[in-house]
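Residue 336 is where the sequence shown starts when you use the numbering used here, and the numbers rise one by one after that. One structure is given here, and the rest of the page talks about it.
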Amino acid sequence: METLDSPEKITTQSAAGLSSARCVYLATGDEAELVDSYLAWVSNPVYIVLEDRWNPGLYKSFRGAKRGDSFYCHKTITRFEQVIDNIRDLDIQFGATWTQAVFVALTYAEQREENWERVSSDFNRFMAMIRKRYGEVYAVRIWESHE
């Protein structure tokens with residue numbers, strides 16, 4: 336983590352983002368422009384800059400994961416490698432009426448900011464219910480958002 340001494344050292348840049356690329360594509364139908372926009376977006380890394388609330392004026396930055404870039408891919412693959420290591424010895428039979436492995440995605444119908452405030456507690460409540468019913472369960476959490 337890099338420590339920044341002053342806000343003057345922080346460069347902000349308005350990112351075009353994928354939602355604006357989507358809007359342009361829907362308006363023009365230009366697939367080449369869409370691909371170019373995506374490649375430009377994915378090639379620029381994202382950094383998160385936070386001000387230390389206990390030391391005002393002190394800023395810290397770290398690399399953020401953004402879907403599609405190498406940092407995101409590395410983080411996601413690392414998590415799934417842990418899953419693969421844990422399921423190697425499972426007796427997985429396709430078409431059976433029971434299973435030792437299941438993939439579940441927690442999805443909210445509406446895109447609201449308060450979903451981020453409750454996703455962790457909702458997930459924990461869901462896992463508690465599953466553990467109460469089925470016993471020991473191994474889970475991998477990956478929080479993702481759509482613009």
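The beta carbon of each residue, even a glycine, is placed where N, CA and C say it ideally should be.
With fewer than three CB-CB distances shorter than 8 Å, the stretch 428-436 does not count as touching the stretch 445-459. The alpha-carbon separation between E416 and D404 amounts to approximately 18 Å. Per the DSSP secondary-structure output, R398 pairs in a beta bridge with Y382. Taking the CA atoms as reference points, N390 sits about 18 Å from I383.
In the three-state scheme derived from DSSP, where H, G and I count as helix and E and B as strand, Q417 is classed as helix. Counting of Cβ neighbours within 10 angstroms places W376 among the buried residues, the total reaching 16 or more. Assignment of I427 by DSSP, reduced to helix, strand and coil, places it in the coil class. Between the alpha carbons of S396 and A431 lies a gap of roughly 49 Å. Listed in chain order, the non-local C-beta contacts of R402 below 6 Å within the same chain number zero, local neighbours out to five positions each way being set aside.
Secondary structure at A356: helix, using DSSP grouped into helix, strand and coil. Around the Cβ of S378, a 10 Å sphere holds fewer than 16 other Cβ atoms; the residue is exposed. Between R398 and P380, the C-beta spacing is below 8 Å.
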